[in-house]
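Student: For the sequence shown, numbering that gives the first Met the number 0 assigns the number 0 to the initial residue and increments by one for each residue that follows.
The structure under discussion is supplied below as structure tokens; questions concerning it will follow.
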Amino acid sequence: MNVTELGAHSLELSASERKHLAHKLLEGDFHIYDYVRFGKSHDVVAYIRFLFNASITVDELLSTNGEQWQERFQFQNGDRQWYPGMNIDEGKAIGFYRHSDGKFYHSAVSVGHETLMKSVHGGLLGSEWMDVDLDTVLTDYNKEDGSFDWDGTKLEVYISDL
0 MNVTELGAHS LELSASERKH LAHKLLEGDF HIYDYVRFGK SHDVVAYIRF
50 LFNASITVDE LLSTNGEQWQ ERFQFQNGDR QWYPGMNIDE GKAIGFYRHS
100 DGKFYHSAVS VGHETLMKSV HGGLLGSEWM DVDLDTVLTD YNKEDGSFDW
150 DGTKLEVYIS DL
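What follows is the structure, encoded as structure tokens:
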């Protein structure tokens, strides 16, 4: 992952200072691109999880890129599949699994206000670090299998415990 000068400085902050910065980023007081350069959705989510003191080291943060984070997030472990109306605690990694290509193609991070999240490069599922309401964008829910009809395929949404 490539971090900016501010991002590099944030890696040296205390745990409480990192958590405070994460809150500020999620509230929109700062923009993620001021801290992460050229980040894909998985990268910015990993950065926020690092700020929230997840078990991610500085070395791991700087040496892992893009889709390499998918294995680390372990989205499909346990019963953490998201369903409409389910509130998500602040700072949780959210993964979007697309049936058509059989992989997690996008990640976002929960803002902590019910079903709001932020991300980059995800179109309606989060771009430019703007708030997106999962309940508003994912409306075609299939109760039988827990998927959503989305963009011509089925989509499942998971929350990581990382």
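All C-beta atoms in this analysis are idealised placements derived from N, C-alpha and C, irrespective of residue type, glycine included.
(1) Excluding five sequence neighbours on each side, which residues of the same chain lie with their C-beta closer than 8 angstroms to the C-beta of aspartate 88?
(2) Taking the alpha carbon of aspartate 148 as the point to measure from, which residue in Asn86, Ala107, Tyr82 has its own alpha carbon closest?
(3) Would you say the segment 121-128 touches the segment 49-59, given that touching needs at least three Cβ pairs under 8 angstroms?
(4) Where does glutamine 73 sit, in a helix, a strand or coil, going by DSSP?
(5) With distance defined between alpha-carbon atoms, name the residue in Leu5, Gln80, Gly101 nearest to asparagine 141.
(6) Could you pull out every residue in the same chain whose Cβ sits closer than 8 angstroms to the Cβ of aspartate 188, ignoring the five residues on either side in sequence?
Tutor: By the coordinates alone:
(1) Along the sequence shown, one-based indexing puts residue 88 at 89. Excluding residues within five positions, the ones whose Cβ falls inside 8 angstroms are Ser109, Gly111.
(2) The residue labelled residue 148 in the question sits at position 149 within the sequence shown. Nearest option by C-alpha distance: Tyr82.
(3) Segments in contact, no.
(4) Residue numbering aside, residue 73 sits at position 74 when the sequence shown is read from its first letter. If DSSP states are grouped into helix, strand and coil, glutamine 73 belongs with coil.
(5) Here the question's residue 141 lines up with position 142 in the sequence shown. For asparagine 141, the nearest C-alpha among the options comes from Gln80.
(6) Here the chain has residues from 0 to 161 only, and residue 188 is not among them.
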